[in-house]
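Participant: Please find one structure pasted underneath; my questions will follow.
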Amino acid sequence: MEFQDVSPQLEKLSSEFQYKDPPDFLIRLQELVSYVLRAVADFLKQFKISLPGMADTSAVGNVMQVLIVIVGVVCLGVVLYLMSTRMKQLRTQAELAKRGALSLEEILDSAGWMQKSEELARERLFKDACRAVYLSVIYSLDEQKILAFTPTRSNYEYFYALHGKSGLQSGFRKLADIVEESWFGNLQAGQEEYDSCVQLCTSLSQDIRYYAEKAEVTP
346 MEFQDVSPQL EKLSSEFQYK DPPDFLIRLQ ELVSYVLRAV ADFLKQFKIS
396 LPGMADTSAV GNVMQVLIVI VGVVCLGVVL YLMSTRMKQL RTQAELAKRG
446 ALSLEEILDS AGWMQKSEEL ARERLFKDAC RAVYLSVIYS LDEQKILAFT
496 PTRSNYEYFY ALHGKSGLQS GFRKLADIVE ESWFGNLQAG QEEYDSCVQL
546 CTSLSQDIRY YAEKAEVTP
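When the letters of the sequence shown are read in order and numbered with this note's numbering, they come out as residues 346 to 564.
Okay, structure coming up:
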C-alpha cells in the first residue's frame with residue numbers, strides 16, 4: 346500500500362488561504378464581555394464566591410452567542426411590531442373613504458360634500474368637516490375622470506395612483522395627513538385644521554381642473 350504525498354496540495358491550500366481579521370465591533374464586544382466577566386468574578390471573590398470559568402475564553406464565547414441570540418430576538422420583535430402597526434394603519438386608511446361615504450343616507454357629489462363640510466364646521470364638528478372636504482376632493486377626482494372613486498382604496502393607494510401629477514399628489518398627501526391624524530391619531534381637529542383643509546381643497550380643485558383639461562386636449 347503506497348501513501349500519496351499530499352504536501353504539495355497542503356502548501357497550495359495554505360498559500361491560497363487568506364486570513365481576514367474579524368470586524369472591529371466584534372473584537373470590542375468580546376473585550377467588553379471579557380471585562381464584565383472579570384469584574385463580576387472579582388466582585389464575587391470579595392464574598393468568597395467562586396464561579397469556575399468566568400474569565401475563560403469559552404465563557405466569553407458563550408456569553409457572546411447568548412447576546413447575539415437576544416439581539417436577534419429583539420430585532421425580530423421590533424420588525425413584527427412595525428409590520429403589525431403598518432397593517433393596522435393601512436386597514437384604517439382603507440376604511441376612511443368607505444365609512445365617510447356610507448355614514449350619511451344621501452348620496453353626495455363633490456359640491457355636496459363641500460357644502461356638507463361647511464354645515465359641519467358651523468356645528469363645530471371639525472373632524473367630520475375635514476373628512477367631508479377630503480371626500481369632496483375624492484369625488485372631484487372621480488367626476489373629472491382623473492382617478493375613479495373606490496371605497497376600499499387607501500390613501501397610500503390614492504397617493505401612488507396620482508404619480509406624475511406632482512402638485513396634485515403632494516396636495517392630496519397633505520390633506521390626507523390632516524384627516525388621518527384627526528381620525529386615527531392624536532390630532533384634535535379645530536377651526537385651524539378645517540381652514541387648512543379648505544385651502545388645500547381650493548388648490549387641489551385648480552390642479553384637478555388643469556389635469557382634466559390637459560387630458561381632454563391630449564390625443
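Note that the Cβ used here is the ideal one computed from N, Cα and C, for glycine as well. Computed from a prediction, not measured in an experiment: that's the story for all the values here.
What residues in its chain sit with their C-beta under 7 Å from that of Cys475, if we drop five residues either side in the sequence?
Facilitator: Only Ile523, Val524, Ser527, Ala534, Glu538, Tyr539 and Cys542 meet the Cβ criterion.
Participant: Where does Met459 land, buried or exposed, given buried means 16+ other C-beta within 10 angstroms?
Facilitator: buried
Participant: Note down, in chain order, each residue of its chain lying with its Cβ closer than 6 Å to the Cβ of Gly512, except the 5 sequence neighbours on either side.
Facilitator: A distance below 6 Å between beta-carbons, with the five flanking residues on each side excluded, links Gly512 to the following residues of its chain, in chain order: Asp552.
Participant: How would you call Tyr380, buried or exposed, if buried means at least 16 neighbouring beta carbons within 10 angstroms?
Facilitator: Taking a 10 Å sphere around the C-beta of Tyr380, we find fewer than 16 other C-beta atoms and assign the residue as exposed.
Participant: Give me the residue from Asp454, Gly509 and Gly516 with the minimum Cα distance to Phe494.
Facilitator: Of the candidates Asp454, Gly509 and Gly516, Asp454 places its Cα closest to the Cα of Phe494.
Participant: Which residue comes first and which comes last in the alpha helix (DSSP H) that contains Gly516?
Facilitator: Boundaries of the alpha helix (DSSP H) around Gly516: Ser511 to Phe529.
Participant: Out of curiosity, what's the CA-to-CA distance linking Gly555 and Lys490?
Facilitator: The displayed chain sequence assigns Tyr, not Gly, to residue 555. If I take the Cα positions, the gap works out to 12 Å.
Participant: Please state whether the Cβ-Cβ distance between Tyr479 and Leu520 is less than 8 Å.
Facilitator: yes
Participant: I'd like to know whether the C-beta atoms of Phe517 and Leu507 end up nearer to each other than 8 Å.
Facilitator: yes
Participant: Here's a check: name, in chain order, each residue in its chain whose Cβ is nearer than 7 Å to the Cβ of Ser485, leaving out the five neighbours to either side.
Facilitator: Ser455, Ser550 and Ile553
Participant: Using the C-alpha atoms, what's the distance from Gly457 back to Leu425?
Facilitator: 42 Å
Participant: Three-state secondary structure (DSSP) at Arg469?
Facilitator: coil
Participant: Assign Ala560 to one of two classes, buried (16 or more other C-beta atoms within 10 Å of its C-beta) or exposed (fewer than that).
Facilitator: By the 10 Å Cβ count, Ala560 comes out exposed.
Participant: Is Thr547 helix, strand or coil when you go by DSSP?
Facilitator: helix
Participant: Thinking C-alpha only, which one of Leu374, Leu470, Lys461 and Asn500 is nearest Ile298?
Facilitator: Residue 298 lies beyond the residue range present for the chain, which begins at 346 and ends at 564; the question has no answer from this structure.
Participant: Does Ile491 come out as helix, strand or coil in the three-state DSSP assignment?
Facilitator: coil
Participant: Give the straight-line distance between the Cα atoms of Gln514 and Phe504, rounded to the nearest whole angstrom.
Facilitator: 6 Å
Participant: Roughly how far, in whole angstroms, is the beta-carbon of Ala477 from the beta-carbon of Leu465, given that I think they are within contact range, below 8 Å?
Facilitator: Contact annotation, Ala477 with Leu465: C-beta distance approximately 6 Å; criterion of less than 8 Å satisfied.
Participant: Using beta-carbon positions only, say whether Gln536 and Phe471 come within less than 8 Å of one another.
Facilitator: One thing to note: Gln536 has its Cβ within 8 Å of the Cβ of Phe471.
Participant: What are the boundary residues of the alpha helix (DSSP H) that Ala506 is part of?
Facilitator: For Ala506, the enclosing alpha helix (DSSP H) has its first and last residue at Asn500 to Ala506.
Participant: Quick one: is Asp473 buried, meaning 16 or more other Cβ sit within 10 Å of its Cβ, or exposed?
Facilitator: Answer is buried; the Cβ neighbour count reaches 16.
Participant: Reducing DSSP to helix, strand and coil, say where Gly422 ends up.
Facilitator: Gly422 falls in the helix class under three-state DSSP.
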